Amino acid sequence: NFNPNLRALEPPYPCRSPSSKSLSRCKTDVNAPLLKGRGVKLPRHLDARQKGVVSKVALLLLPVCVCFSNPPHPSKKQKYPQKKTPPAMHAFGRSFLASRALVRPLSSHASSSLKASYPNIVASLPSPSVGLITLNRPKALNALCDALLDDLLHAARCFDDDENVGCIVITGSDKAFAAGADIKEMQDKTFSQCYSRDMFAEWGGVADVRTPVITAVSGFALGGGCELAMMGDVMVCGESARFGQPEINLGVIPGCGGTQRLIRAVGKSKAMEMCLTGEMMGAQEALSRGLVARVYEDGKVVEGALEMAEKIAGKGRLAAMAVVETVNAAEELSLREGLRLERRAFHGLFATEDQKEGMKAFVEKREAEWKHK
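All residue numbers for the sequence shown refer to my numbering, where the first residue is 2 and numbers rise by one.
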């Protein structure tokens, strides 16, 4: 079902469809109105074939589609009664978060409340607006087994669904953030087992969390631990932190983002060196290369991360989520597409109450009172 008041930008690429007949129909029924009037009203009744074509076109246009509830022109008499304009959050949600590049994949875990306790992590609320997840397998240096990952994803998604939580901190122990994946759990796996399960694919759920995530690293962050730390939006560490991708020493390669996220953070040559030699990087070098945002004294990493989290949680939730989504999308988009996405996100925030409050507070020289809607 499409909103009859749909405004969209011109697609950055031609509409493509499996057959020439479908392509012709697609250009006639959808693209022409979009290019001519930047608005399209679909027929009230479509047969199955037409619905299929329109669906394909909609998917192609999702990355650049911006939907608004466009009020009727006062000089035109409306044939059909107009629906009430939805709340600002709904308008923003349709306009910005509907983009295919920004929409969060549906969780494979049912949404539920935070558990009272977890076997492999400790989840807590140091303050009402900040969630803290501490990896808790001290005997194994927080090696990342499947059970720990399930606990981590469950807690992260619960915090993400909590409207009161504006930032999440993930940390480990003073000795190790996480010393990598659990080798004992993996060593006897076969190719068919790894491939059929799409091993490590579920780890991406940490990066899919829309609430800003800070990873606070003390001690070792090796292999999967380094990859997990890079999934956060902001990484901080202690002076003794050590980062590395030593999978080459096990006869394999990084399998959860080490060859992809690391190169974006430190560049090709350094990423190649770390992945080919297995050598580690210290805290100060990680800071100078942009892998981490701040280096704290040992023992004060979590304190510093929580202080930063409180500051982030004190901002408007919608603007913070928009920052996370647009900055993360920059790694996958061209500059032209990224700038367009940024502008549309900026425009979309003008449909929120927080934008009105924030700018009014600035003019009146007072603190803004965010409503997060």
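Cβ coordinates follow ideal geometry from the N, Cα and C atoms, glycine included.
Since the model is a prediction, treat every value here as computed from it, not as a measurement.
Residue state for Y119 is assigned as coil, using DSSP reduced to three classes. With fewer than 16 other beta carbons inside 10 angstroms of its own, V253 counts as exposed. CA-CA distance, L149 to L115, rounds to 15 Å. Sequence-distant Cβ neighbours of A177 in its own chain, meaning closer than 6 Å and more than five residues away, are L142, N143, G220, F221.
As the crow flies, the alpha-carbon of L342 is around 19 Å from that of V210.
Short of 6 Å from the beta carbon of L334, and not among the five residues preceding or following it, lies no beta carbon of its own chain. Here V166 carries a coil assignment [DSSP, helix/strand/coil].
Under the criterion of beta carbons closer than 8 Å, P213 and V325 qualify as touching, at roughly 5 Å. Taking V303 as reference, the option from Y119, A117, V131 with the minimal CA-CA separation is V131. Around the beta carbon of D199, fewer than 16 other beta carbons lie within 10 angstroms, which makes this residue exposed.
Per DSSP, T260 has no beta bridge partner at all. Put simply, of S270, L223, C238 the residue whose alpha carbon is nearest the alpha carbon of P255 is L223.
In this structure the segment 166-184 lies against the segment 305-315, because at least three pairs of beta carbons, one per stretch, are closer than 8 Å. Looking at the DSSP output, V131 bridges to S128, C168.
At the C-beta level, V237 and A208 stay beyond 7 Å of one another. Taking A180 as the centre and dropping the five residues before and after it, the same chain places the C-beta of L142, N143, A144, F221, L223, G226 closer than 7 Å to its C-beta, in chain order. When secondary structure is reduced to three states using DSSP, L334 falls in the coil class, being assigned neither helix nor strand.
In summary, N250 is exposed, with fewer than 16 beta-carbon neighbours lying within 10 Å of its beta-carbon over all protein chains present.
A distance below 7 Å separates the beta carbons of P127 and L307.
Per DSSP, A306 is not a residue of any beta strand (DSSP E); the alpha helix (DSSP H) it occupies stretches across 302-314. Excluding sequence positions up to five before and after T327, its CB lies within less than 7 Å of the CB of L342, E343, A346, all in the same chain and listed in chain order. Taking the Cα of P247 as reference, the smallest distance to any Cα among C146, T260, Q194, M322 is reached at T260. I184 is positioned such that its CB atom lies no closer than 7 Å to that of D152. Secondary structure at A148: helix, using DSSP grouped into helix, strand and coil. Counting along the chain, the unbroken alpha helix (DSSP H) around T278 starts and ends at 269-278. Annotation: the continuous alpha helix (DSSP H) that includes M360 extends over 354-364. The beta-carbon distance between R243 and G283, rounded to whole angstroms, is 6 Å. This is short enough to meet the 8 Å contact definition.
For the pair E358 and A369, the CB atoms are nearer than the 7 Å cut-off. Bounds of the beta strand (DSSP E) holding I215 are 214-218.
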